[in-house]
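Engineer: Okay, here's the structure, questions in a sec.
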Ligand code: HEM
Ligand code: FES
């Protein structure tokens, strides 16, 4: 075979060379790219680990007249490489609805995640970001509130003198209450 | 020298390149309206220079980010200036981008054959917005944290991919170390890298097509060098001067107290150049027209459509009246953005809750600095842990949360929020002081609401005693009255009252006798000895730390109100507050908040 002959004269050989070059290239770029991508996607494979029962307050600390109290939920939590035995993971409002019955409202606004504040003098919840307002029971009490749903409730159990709840965070900005996983 | 230049030129073609850069033709001569692109490149250069040095001192993790920025701001030589430059140049870039965009659209420089170049410009706009957004979180202070939370939760509402995307951006289900590492990698690596590439393409294409000269030409065609270079230089200098002015005036960029997600933060706002978007989400029409989908429409669909139209302008501009449409559209968007920004600023200015939160944020930030300096540095647990031990910070928060539904503090709730409702229990500002006690014992003041609020004690025995008996006793022996007050106030042992105590001792001792004799306080109160028959709160240790902690822990104890307690909860007994928390409230009310009183600096031997 003539060494100087243009490989274009041999379409099959030329195709093989092109395919090989493509494969070698894809491999060289693909392996590091994929290794990065896999690690970058790591958060998707990590569950939030929320939803466990946590003791948050004593029953007597929740006023009997139905006024909400703000309570910080403290429990064990991992944040990447840090593990804490007891750190605040969220804040809820507890409200007594019957002598031994307590309702918990999540303090995170269902609109876009700001901290909803309870205003004693208005006897209502108010979000300082886009002015959503909620009644003491968490329902939207002003139709102009941009929040797509009432404040999120959490599952509560009164066990003797202690108030327990399953703490979760929820997706904001959508009408349905969907727990973040 | 010439030989060296030649040597380099032969191997690099540098002179040709330089020539091409400087001798770019400008039909119609140099003009001020062409400076915007150069000022933006200049700003980007400043951001790289300042950013890289900030990087050398910045530590992205949830318990070191704020701490490292604190160190840059307050401890590093020239740190505040460096940070201030980075902060204000970022703001200047957003203004300049708008001016640049306006010039490009008005002059028609976006039309064929410069479409691709225009798109690189749009990409640069988005990259700059991205850098502003990611940078705002890095200090991990209250405002950056609060505002970025809103931004990332908006990602979550994107249909289908939203939740996964949010998790990838946040680096998990919740904010934490990986939120910062990811934001920082974007901010200092990915986005600037893309920006350099986009600027290179933008400038190369600009050179390829030449400048779109504004008609009519005012002057003969000229080179880029020297007139336009001079104008560009002057413009950059003007930008720099404004930025330096702002930096010096504000002593660098603001640094709020460190983020604490357990505290409500009623002043969470994005950086001002995102404020119009924030305010847009408040508009009523979103919920009225789109109901539950209002937020999706307001945060994703409409901004997406606007960006789409912006990107499509080169095509639209080709149609009949298209250029007019583009001009009009841009005008409407910009005027709308300005109006929304003004609306947002004005509604915040008229909102007392917001104003109180801003002042509170400033107080917390200043206090944080005081504490760190008193401690000689930040403990390993981080700055928030230090702040959470501080009575001056935590006391008023707890008061607002647990006490202010009945009590007041100087007329407000401890955090500066004034309630429209009348208080139903005493105002505790200055409790334990002579001023407070003199007011209580003043027949005109005792029932004015400051003292007994709306409790049943307002018309009780004590009020009657002050109104019916005390005036005569006081008139008879004013000196005895003064020493009685000194004696009771001495029980409180307020830090503010400790000076000159020795000189007052004789008076206090005389006063102690008057308490039980002249004034007959001990008919109802116990004072400095056990008293089985006492029916009113004990005056032994009245207003002292121990007395107050015990009272708040359980006002129904026989030493205090006993069975006659009017509504005040037993905070410790009911599990509402811990003893430590009660102590923090008490220390704050007693103004016993000097860091020296509770801080034990680590490793400092005195
Ligand atoms: C157009 C380019 C850039 C813009 C618009 C920008 C914007 C910002 C903003 C708004 C902040 C927050 C500062 C504050 O107000 O507290 C920030 C912080 C920061 N930026 Fe940039 N930045 C840019 C480029 C860079 C580059 C290229 C780097 C590094 C190579 C960098 C490194 C940093 C660091 C370390 C911080 C944290 C320090 C601090 O917050 O003071 N930035 N940036
Ligand atoms: S985040 Fe609460 S109203 Fe928008």
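Chains as they are written, first to last, in the working numbering: chain A, 786 to 966; chain B, 1477 to 2082. Built from N, CA and C at the ideal position, the CB exists for glycine as well.
Using the beta-carbon of each residue, find all residues closer than 5 Å to any heavy atom of ligand 2 and list them in chain order.
Structural biologist: A/894, A/896, A/897, A/899, A/912, A/914, A/915, A/917
Engineer: In chain order, which beta strand (DSSP E) runs of at least 3 residues are fully inside the segment 1736–1767 of chain B?
Structural biologist: For the segment 1736–1767 of chain B, not a single whole beta strand (DSSP E) run of length 3 or above is found.
Engineer: Taking three-plus beta-carbon pairs below 8 Å as touching, is the segment 1760–1779 of chain B in contact with the segment 1630–1637 of chain B?
Structural biologist: yes
Engineer: Would residue 856 of chain A be called buried (16 or more neighbouring beta carbons within 10 Å of its own) or exposed?
Structural biologist: Burial call: buried.
Engineer: Cα separation between residue 1586 of chain B and residue 876 of chain A?
Structural biologist: Those two C-alpha atoms are separated by around 51 Å.
Engineer: Counting along the chain, where does the alpha helix (DSSP H) carrying residue 1843 of chain B start and finish?
Structural biologist: 1828–1851 is the extent of the alpha helix (DSSP H) around residue 1843 of chain B.
Engineer: Looking only at its chain, what residues have a beta carbon closer than 7 Å to the beta carbon of residue 1664 of chain B, apart from the 5 residues adjacent to it on each side?
Structural biologist: Beyond the five residues adjoining it in sequence on each side, residue 1664 of chain B comes within less than 7 Å, by CB distance, of 1527, 1531 in the same chain, given in chain order.
Engineer: With DSSP collapsed to three states, give me the class of residue 1535 of chain B.
Structural biologist: coil
Engineer: Compare the C-alpha of residue 2067 of chain B against each of B/1872, B/1780, B/1766 and name the closest.
Structural biologist: B/1872
Engineer: Is it right to say residue 1721 of chain B is buried, meaning 16 or more other beta carbons lie within 10 angstroms of its own, or is it exposed?
Structural biologist: Exposed, since its Cβ has fewer than 16 Cβ neighbours within 10 Å.
Engineer: Could you tell me the distance, in whole angstroms, from the CA atom of residue 1697 of chain B to the CA atom of residue 1674 of chain B?
Structural biologist: 29 Å
Engineer: Among residues of its own chain, excluding the 5 on either side of residue 1496 of chain B, which ones have a beta-carbon nearer than 6 Å to its beta-carbon?
Structural biologist: none
Engineer: Can you name the start and end residues of the beta strand (DSSP E) that residue 891 of chain A belongs to?
Structural biologist: 886–891
Engineer: Hey, could you find the ends of the beta strand (DSSP E) residue 950 of chain A is sitting in?
Structural biologist: It spans 947–951 - the beta strand (DSSP E) in which residue 950 of chain A sits, taken as one unbroken run.
Engineer: Please list the partners that residue 900 of chain A has in chain B, where partner means a Cβ-to-Cβ separation under 7 Å.
Structural biologist: 1740, 1741
Engineer: Which word fits residue 2023 of chain B, buried or exposed, when buried means at least 16 other C-beta atoms lie within 10 angstroms of its C-beta?
Structural biologist: buried
Engineer: Can you grab the Cα-Cα spacing for the pair residue 1739 of chain B / residue 1866 of chain B, in whole Å?
Structural biologist: 15 Å
Engineer: Taking contact to mean at least 3 C-beta pairs separated by less than 8 Å, is the segment 1819–1826 of chain B in contact with the segment 1725–1742 of chain B?
Structural biologist: no
Engineer: What does residue 1630 of chain B reach in chain A if we use C-beta pairs closer than 7 Å?
Structural biologist: 897, 958
Engineer: Assuming residue 2047 of chain B and residue 2058 of chain B make a contact with CB atoms under 8 Å, what is their CB distance in whole Å?
Structural biologist: 6 Å
Engineer: Roughly how many whole angstroms lie between the Cα atoms of residue 1946 of chain B and residue 881 of chain A?
Structural biologist: Distance between the alpha carbons of residue 1946 of chain B and residue 881 of chain A is about 44 Å.
Engineer: Run through chain B and tell me which residues come within less than 8 Å of residue 866 of chain A, C-beta to C-beta.
Structural biologist: 1653
Engineer: If you count every other CB in all the chains shown that lies within 10 Å of the CB of residue 1560 of chain B, and 16 or more means buried, which is it?
Structural biologist: Under this definition residue 1560 of chain B is a buried residue.
Engineer: Just how far apart, CA to CA, sit residue 1431 of chain B and residue 1567 of chain B?
Structural biologist: Residue coverage of chain B in this structure runs from 1477 to 2082, which leaves residue 1431 of chain B outside it and unanswerable.
Engineer: By a C-beta neighbour count over all protein chains shown, 10 Å radius and 16 as the cutoff for buried, is residue 883 of chain A buried or exposed?
Structural biologist: With fewer than 16 Cβ atoms within 10 Å of its Cβ, residue 883 of chain A is classed as exposed.
Engineer: Could you say if the segment 793–813 of chain A and the segment 912–919 of chain A meet the contact criterion of at least three C-beta pairs nearer than 8 Å?
Structural biologist: no
Engineer: Between residue 881 of chain A and chain B, is the shortest Cβ-Cβ distance under 8 Å, so that the two count as touching?
Structural biologist: no
Engineer: Using 8 Å as the limit for Cβ to Cβ distance, is residue 876 of chain A near chain B?
Structural biologist: yes
Engineer: CA-CA distance, residue 1514 of chain B and residue 1711 of chain B?
Structural biologist: Taking C-alpha positions only, residue 1514 of chain B is separated from residue 1711 of chain B by approximately 8 Å.
Engineer: What would DSSP say about residue 1734 of chain B, mapped onto helix, strand or coil?
Structural biologist: strand
Engineer: Is the Cβ of residue 918 of chain A closer than 8 Å to any Cβ of chain B?
Structural biologist: no
Engineer: Quick check: what's the CA-CA separation for residue 1578 of chain B versus residue 1533 of chain B?
Structural biologist: C-alpha separation (whole angstroms): 37 Å.
Engineer: Which residues bound the alpha helix (DSSP H) around residue 1690 of chain B?
Structural biologist: Unbroken run through residue 1690 of chain B: none, as it is neither H nor E.
Engineer: Which residues in chain A sit within 7 Å of residue 1895 of chain B, going by Cβ to Cβ distance?
Structural biologist: 905, 906
Engineer: Pairs of beta-carbons, one from the segment 943–952 of chain A and one from the segment 1739–1759 of chain B, closer than 8 Å: are there three or more?
Structural biologist: no
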